[in-house]
Amino acid sequence: MRIGIDIDNVIADLDKTFLEEFEKEDKNKRNKGIINKKAKHITEGMFDWSSEEIEDFICNNMDRMAEKFDLIEGAKEYINKLYEENEIFLITHRSNHFFKNHELVTINWLNEKGIKYDKLVFTKSRDKSPECIENSIDIMFDDEADKCKYILNAGIECFLMKTRYNENYSLNIPIVNGWKEIYSLICEKNKYNVILDTDTYNEADDQFALSYLLKSKEIFNIQAITIAPFSPEKWQGTVSDSLDLSYDEACKVFDLLGLKDKSLIYKGSRDYLKNGYNERNSAVNKIIEIANKNKKTYILAIGCLTNIALALKSNPDIVDKIEIVWLGSNFLFGTNKDFNFDQDVEAVKVVFESKVKLTVMPCSPITSNLMTSIYELESELKGKNELCDYLCYRFYNRAYGPTKRWPLWDVSVIAYMINKNWFNTMDVSCPLINTDNTFKLTENRHSVKFVNYLNANEIFKDLFNKLTDIN
Numbered sequence: 037m038r039i040g041i042d043i044d045n046v047i048a049d050l051d052k053t054f055l056e057e058f059e060k061e062d063k064n065k066r067n068k069g070i071i072n073k074k075a076k077h078i079t080e081g082m083f084d085w086s087s088e089e090i091e092d093f094i095c096n097n098m099d100r101m102a103e104k105f106d107l108i109e110g111a112k113e114y115i116n117k118l119y120e121e122n123e124i125f126l127i128t129h130r131s132n133h134f135f136k137n138h139e140l141v142t143i144n145w146l147n148e149k150g151i152k153y154d155k156l157v158f159t160k161s162r163d164k165s166p167e168c169i170e171n172s173i174d175i176m177f178d179d180e181a182d183k184c185k186y187i188l189n190a191g192i193e194c195f196l197m198k199t200r201y202n203e204n205y206s207l208n209i210p211i212v213n214g215w216k217e218i219y220s221l222i223c224e225k226n227k228y229n230v231i232l233d234t235d236t237y238n239e240a241d242d243q244f245a246l247s248y249l250l251k252s253k254e255i256f257n258i259q260a261i262t263i264a265p266f267s268p269e270k271w272q273g274t275v276s277d278s279l280d281l282s283y284d285e286a287c288k289v290f291d292l293l294g295l296k297d298k299s300l301i302y303k304g305s306r307d308y309l310k311n312g313y314n315e316r317n318s319a320v321n322k323i324i325e326i327a328n329k330n331k332k333t334y335i336l337a338i339g340c341l342t343n344i345a346l347a348l349k350s351n352p353d354i355v356d357k358i359e360i361v362w363l364g365s366n367f368l369f370g371t372n373k374d375f376n377f378d379q380d381v382e383a384v385k386v387v388f389e390s391k392v393k394l395t396v397m398p399c400s401p402i403t404s405n406l407m408t409s410i411y412e413l414e415s416e417l418k419g420k421n422e423l424c425d426y427l428c429y430r431f432y433n434r435a436y437g438p439t440k441r442w443p444l445w446d447v448s449v450i451a452y453m454i455n456k457n458w459f460n461t462m463d464v465s466c467p468l469i470n471t472d473n474t475f476k477l478t479e480n481r482h483s484v485k486f487v488n489y490l491n492a493n494e495i496f497k498d499l500f501n502k503l504t505d506i507n
């Protein structure tokens, strides 16, 4: 995120130094002290000075006073934290009208105080919107309401830093009360808006993935859990049956985490596009609603692509507002023998041809490296909490029969969003799907990101830490 921050009374405590300096100078001028404690500004009626006296004093002393400015409480701590994962632009209307050398004084003060930033911008007027637009600022923080209005009118999100002179400001400008609140607000906005599309009952890795997601709320703004269909032929169920079983399984995971509100969970398609299914349903409607509401939504798909394909067919305009990370297909490794691909090839075609931004997480030989065993899981998880005990039970007692070793394929998609440094990717031209459901590699088509490596050790370390965390 590109964050714009004013300096005076947002980072630098201008008012504190001004008050001290004006009180000291007043003893030489009038020796009356503060005559109006309710004055909004120190420079507007607080002291018995003429406007000419005020301007002369500031012009003659601004450089010296600015060098003495203290930091607003929390400014350095939180700006430097934000600097680690965002771009910081300091956007100020300081000029040589009051300063003798506004740039040098400002740069030296920032260096002395240890403020980290990417760019320092001096605006030409009180209207900072041109500079915000030029630097593609996503969000701005200022202490003066008129400056905030200019920025808001330019379509840029802006917050007013609460001060003595603007705390009763009545216009519709959102106010922040300090740097702790600013930091929390940015962290919340930096969360990924996500939908998890999952066939939860199919195998135990879905429950692990759902749990991993729900235990990573510091990273994800979870918008919905949409239930994808799967074909449970091995235990003689129907595709429609799978939807109800997966819904109940997702609710079970919520219960084990103490999450009573199940309103995030939506049942999806009861059959596949390849079988002629073309109905709007709760999951499809919710995907469209969320995509239209947010600037960007990530759909983490760990089942077949039926729900997502139907959403794209029903409302093609969402293609530029979503990004899909899909566990499925092995097209660069010469095989398509993949469960999520085979379930609904027509849905894969719709998604691939839509030109939606897509990351493909192949099952074999990439996510198959997330192999674990009941012995490892019981060593790391058993006895830690109810959820961990249940996950161990479900792993061993898979829907397709007991197992001692199996990959937790689905957690790869969650881990990818948590830390992309655990993965290597390559951009490839989107393949075509032949009539026999094999892939034809192409050149010069729209790009698809393909994962070709993952660090299983780092993923398992984070997964186990999250699942065993009592919070």
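In short: position in the sequence shown from 1, add 36, done, that's our numbering. Note that CB positions come from ideal geometry on N, CA and C, so glycine has one too.
Start-to-end residues for the alpha helix (DSSP H) that takes in residue i
i, result
"A345", "T342 to S350"
"L249", "A240 to L250"
"P166", "S165 to E170"
"M98", "S87 to K104"
"K288", "V275 to L292"
"Y114", "A111 to Y119"
"M453", "V447 to I454"
"C194", "Unbroken run through C194 is the beta strand (DSSP E), E193 to M197; no alpha helix (DSSP H)."
Sub-9 Å separation of residue i and residue j beta-carbons
i, j, result
"N97", "E57", "yes"
"L300", "I261", "yes"
"D505", "K485", "no"
"V361", "Y452", "yes"
"G339", "F266", "yes"
"Y228", "N257", "yes"
"D378", "T342", "no"
"I222", "L118", "yes"
"C424", "L499", "no"
"I124", "I39", "yes"
"I410", "Y426", "no"
"I354", "I402", "no"
"A383", "L406", "no"
"E167", "K160", "yes"
Candidates the options: closest to residue i by CA position
i, options, result
"R130", "V157, L107 and I108", "V157"
"L196", "L346, A181 and A190", "A181"
"F369", "S278, N501, T471 and P467", "P467"
"F496", "N311, N507 and D446", "D446"
"P438", "E239, E389 and N366", "E239"
"D179", "D44, K76 and I324", "D44"
"D174", "N317, E193, D472 and E167", "E193"
"S350", "S365, K149, N317 and D42", "N317"
"F459", "P398, E416, L279 and K476", "P398"
"E120", "S172, C168, M37 and R66", "M37"
"N491", "Y283, I454 and V289", "I454"
"E89", "R66, I108 and I450", "R66"
"F93", "I108, K60, N116 and E109", "K60"
"D42", "S86, D277 and L146", "L146"
"I151", "Y186, L107, L444 and I78", "L107"
"E494", "R200, D291, S448 and T461", "S448"
"F134", "E109, D291, K164 and D99", "D99"
Contact set for residue i: own chain, Cβ-Cβ below 7 Å, skip 5 residues either direction
i, result
"L281", "Y237"
"K68", "D62 and D84"
"R162", "H129, D182 and K183"
"Q259", "N229, V230, I231, I326 and T333"
Chain-order list of residues whose beta-carbon lies under 6 Å from that of residue i (same chain, five-residue window excluded)
i, result
"A111", "I47 and W215"
"Y114", "W215 and Y219"
"T53", "M101, K104 and F105"
"D154", "E123 and I124"
"M82", "I70, N72 and A75"
"R481", "S465 and C466"
Beta-carbon contacts of residue i that lie in its chain and below 8 Å, excluding the five residues immediately before and after
i, result
"K357", "A327, N328, N330, K331, K332 and T333"
"G273", "L281"
"E359", "K332, T333, Y334, I335, V392, K393, L394 and T395"
"N132", "H138"
"C184", "M176, D178, C194, F195, L196 and I209"
"L348", "I354, V355, V386, V387, S390 and V392"
"R434", "E239, A240 and W442"
CB-CB length for residue i against residue j, believed under 8 Å
i, j, result
"L363", "N376", "6 Å"
"I211", "K198", "5 Å"
"T478", "S465", "5 Å"
"S247", "V289", "6 Å"
"I263", "L279", "6 Å"
"I469", "S252", "Contact flag wrong, Cβ pair sits at about 33 Å."
Start-to-end residues for the beta strand (DSSP E) that takes in residue i
i, result
"R481", "Per DSSP, R481 belongs to no beta strand (DSSP E) and is neither H nor E."
"E123", "E123 to T128"
"W215", "From DSSP, W215 is part of no beta strand (DSSP E) but of the alpha helix (DSSP H) over W215 to N226."
"Y334", "T333 to A337"
"V355", "Looking at the DSSP string, V355 is not in any beta strand (DSSP E), and its letter there is neither H nor E."
"S409", "M407 to S409"
CB contact below 9 Å: residue i versus chain B
i, result
"I358", "Given the protein chain composition of this structure (a single chain), no chain B is represented."
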